[in-house]
DNA sequence: AGAATATGAGTAACCGCTCTCAGAGTTCTG
DNA sequence: CAGAACTCTGAGAGCGGTTACTCATATTCT
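Put into structure tokens, the structure is as follows:
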């Protein structure tokens, strides 16, 4: 059962399936471990015949270098990690794809750690993930700033998604939620809406906070705003919709597309026509909201750009170059069928 | 720039930010490395005062053991990995959650590798992921059996999701697609449907194959079956719906819920009433299809069970116990509003 | 031909941590 | 009070690689 290889003495008794290490290959090929290492790493200054012998031995034994040992010796792992609070969120999936591909081009692999929205585990998870790899893309919108600030030195190099961290210089990729909200609101106002509901996301969420702020600011003297606690999922949006009916609002701004979709669905069940009786807008532009009935008006976040940009900056950090400027992506207003003129009362 | 710590001589010239290793902590606390190791691992046979000193030193220096070095020394990493072909698939997300939680209970972490449906990269990815951790949960429905068989010895210990591997004894968790399809079909038949369309998934997908087989078998002498190439996404289902109108079918069996949802949505746009004019069923029971309009009848796969069961078996393998029997989960028929009596023609 | 220079392979130190083993210091026993 | 039985701690050998250095051999130059 022992994992340790038996140390020369008392070597029998066990069938001794000798582990295939660089040493075994070296012995088999009749060369030194250094030479095997050179061959395995494609160092050209090894004589052809030796290299041949080594390769043959490695082949026969089915040898592959241990990434763990290699990482230790090299001081780098060739891996980056991304921590997300919820893999189910299509938003992150977009980033993940882009990041995976971008990193792969430079022969880095991406591993994903999912904190499952478990706020408590997040710091530990982040540090553990980080320590096993060379860099981190961190998405922890709910983590208190001070805590993150404490962690920051241990996490470096890392790139932040969707938040900034005053007090620690590290690249951030953020989305201009305020601008997105402004565009949506402007659009709704132009359609004559003057009383809006906001279906709020999780109140610990920084991005929800940004939306709320933008809304309040825009509302001043222009329109009435009713804030409804809701959540971030389809089910949340579905559940909250019933409350909308007696609020006298003519338009709904949802925390995100999923919520909007859920609300849309429920309104349909309630026989409320969208957009004739009620307009509704989402946020994100996740893949399928262009197909809902009616298609959802939303603020489209170009998620496919974030992955590569995150990689670029992380790469710069890992190579002691200075990363490019922070990105503050401005969503594009995507007008579809879920918004229309405010009904005359 | 050099990563290597400068070797005692020529030690100045650099500001020498000495890395915080176990050695430094030991020196600072005035004990041996062994003792630091003991303290860090909670070994109780260390005198209180020493332990105290070590902890203080570690704290001051901000020391945390290197997981890489630890893994090498221990011969285990405390990590398992799961390889999925597509993180966007809600089905995998369900498994991932369950697996993360189950593994966490035993102090294992779960890392996710996403092959992005990249069939070519999959073997490399699987092996690399596996070699950096202690076990693998593999979900590679499209990988040819022979290739997987070749890889198997290098991947062990691993658990297969959604496929079996004749010729290599390793646990499998599979879903009884055939039974699910049979239940759905029986349901539709009982409602009087006699001509069905199947919206096929990716044709390389084993699970699609299983569905097709079951459908053909069920169809014999009972009903007519029209097979339509489609896909696995909401968009695919949406796009294919237009073809349904002139097929004279009264019911549609979709590859999965997303496809069904897409189709549902498009049919609605086309003014086709579901279920009055057309019944439609999905597969999986992903979280929100209970809220669609109408709610989707589907074969509900208990995804939350798969994660823990996968962990249980993987754990057994990693600890040289014999894993429990393979699981072949039978989906439960979930009758909702999207199915109704066949319209009389 | 003899010296200078390349070239290629091996030796051994090191990455950071764990763990066996043995020795020093204590407490128990007879 | 000597010797046995424990308790702790430190020394040092790994884990499986990489790489600076060294040295023997082959090559080139004068």
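Protein chains in written order, with the working numbering: chain A, 260 to 604; chain B, 260 to 604. We treat Cβ as the ideally placed atom computed from N, Cα and C, and that holds for glycine. The model shown is predicted, which means the values in this text are computed figures rather than measured ones.
Taking only three categories from DSSP, how would you classify residue i?
i                      : result
residue 436 of chain B : helix
residue 545 of chain B : coil
residue 379 of chain A : coil
residue 456 of chain B : strand
residue 412 of chain B : helix
residue 574 of chain B : helix
residue 518 of chain A : helix
residue 423 of chain A : coil
residue 260 of chain A : The pLDDT assigned to residue 260 of chain A is 32, lower than 50, so where the model puts this residue is not dependable, and the model offers no usable value.
residue 417 of chain A : strand
residue 591 of chain B : strand
residue 271 of chain B : With a pLDDT of 32 at residue 271 of chain B, under the threshold of 50, the modelled position of this residue cannot be trusted; read the value that follows with caution. It is coil, neither helix nor strand.
residue 346 of chain B : coil
residue 329 of chain A : helix
residue 443 of chain A : helix
residue 583 of chain A : coil
residue 551 of chain B : coil
residue 664 of chain A : No statement about residue 664 of chain A is possible, as the shown extent of chain A runs from 260 to 604 and does not include it.
residue 483 of chain B : strand
residue 279 of chain A : coil
residue 305 of chain A : coil
residue 556 of chain B : strand
residue 597 of chain B : coil
residue 529 of chain B : coil
residue 513 of chain B : strand
residue 266 of chain B : Confidence at residue 266 of chain B is low in this model, with a pLDDT of 34, below 50, so the placement of that residue should be treated as unreliable; the coordinate-derived value is given next. It is coil, neither helix nor strand.
residue 368 of chain B : strand
residue 220 of chain A : Because chain A in this structure spans residues 260 to 604, residue 220 of chain A falls outside the shown range and cannot be described.
residue 540 of chain B : strand
residue 488 of chain B : strand
residue 399 of chain B : coil
residue 431 of chain B : strand
residue 310 of chain B : helix
residue 323 of chain A : coil
residue 363 of chain B : helix
Cβ atoms of residue j and residue i: under 8 Å apart, would you say?
i                      : j                      : result
residue 541 of chain A : residue 548 of chain A : yes
residue 373 of chain B : residue 336 of chain A : no
residue 493 of chain B : residue 326 of chain A : no
residue 504 of chain B : residue 529 of chain B : yes
residue 544 of chain A : residue 518 of chain A : no
residue 287 of chain A : residue 310 of chain A : no
residue 597 of chain B : residue 523 of chain B : yes
residue 526 of chain B : residue 489 of chain B : no
residue 392 of chain A : residue 338 of chain A : yes
residue 389 of chain A : residue 323 of chain B : no
residue 491 of chain A : residue 460 of chain A : yes
residue 416 of chain B : residue 577 of chain B : yes
On a CA-only basis, which of the options is nearest residue i? Give me that one, please.
i                      : options                    : result
residue 588 of chain B : B:296, B:438, B:485        : B:438
residue 470 of chain A : A:455, A:441, A:366, A:452 : A:441
residue 473 of chain B : B:498, B:501, B:443        : B:443
residue 342 of chain B : B:375, B:314, B:312        : B:375
residue 378 of chain B : B:322, B:277, B:464        : B:464
residue 366 of chain A : B:461, B:279, B:383, B:369 : B:383
residue 603 of chain A : A:580, A:582, A:581, A:510 : A:510
residue 516 of chain B : B:496, B:502, B:291, B:414 : B:496
residue 536 of chain A : A:574, A:303, A:451        : A:451
(message) Would you call the stretch 553-571 of chain B in contact with the stretch 588-597 of chain B, where contact means no fewer than 3 C-beta pairs closer than 8 Å?
(response) yes
(message) Quick test of the definition: if touching needs 3 or more C-beta pairs under 8 Å, does the stretch 428-448 of chain A touch the stretch 471-489 of chain A?
(response) yes
(request) Evaluate the contact criterion for the stretch 560-574 of chain B versus the stretch 350-370 of chain B: three or more CB pairs, one atom per stretch, below 8 Å. (result) Contact between the stretch 560-574 of chain B and the stretch 350-370 of chain B is present, because at least three Cβ pairs lie under 8 Å.
(request) Evaluate contact between the stretch 361-368 of chain B and the stretch 423-431 of chain A, counting only Cβ atoms and requiring at least three cross-stretch pairs below 8 Å. (result) By the Cβ rule, the stretch 361-368 of chain B does not count as touching the stretch 423-431 of chain A, because fewer than three pairs are nearer than 8 Å.
(request) Name, going along the chain, the residues of the stretch 385-398 of chain B whose beta-carbon falls closer than 9 Å to a beta-carbon of chain A. (result) The residues in question are 386, 387, 388, 390, 391.
(message) Against chain B, which members of the stretch 336-355 of chain A pass a CB distance test of less than 8 Å?
(response) 336, 338, 340, 346, 347, 349, 352, 355
(message) Along the stretch 535-552 of chain A, where does the CB come closer than 8 Å to a CB of chain B? Name the residues.
(response) 546, 547, 550, 551, 552
(request) Please list the residues of the stretch 276-292 of chain A that have a C-beta atom closer than 7 Å to any C-beta atom in chain B, keeping them in chain order. (result) none
(message) Give me the subset of the stretch 316-329 of chain B whose CB atoms are less than 8 Å from a CB atom of chain A, sorted by chain position.
(response) 321, 323, 325, 326, 327, 328
(request) Please list the residues of the stretch 438-458 of chain B that have a C-beta atom closer than 8 Å to any C-beta atom in chain A, keeping them in chain order. (result) none
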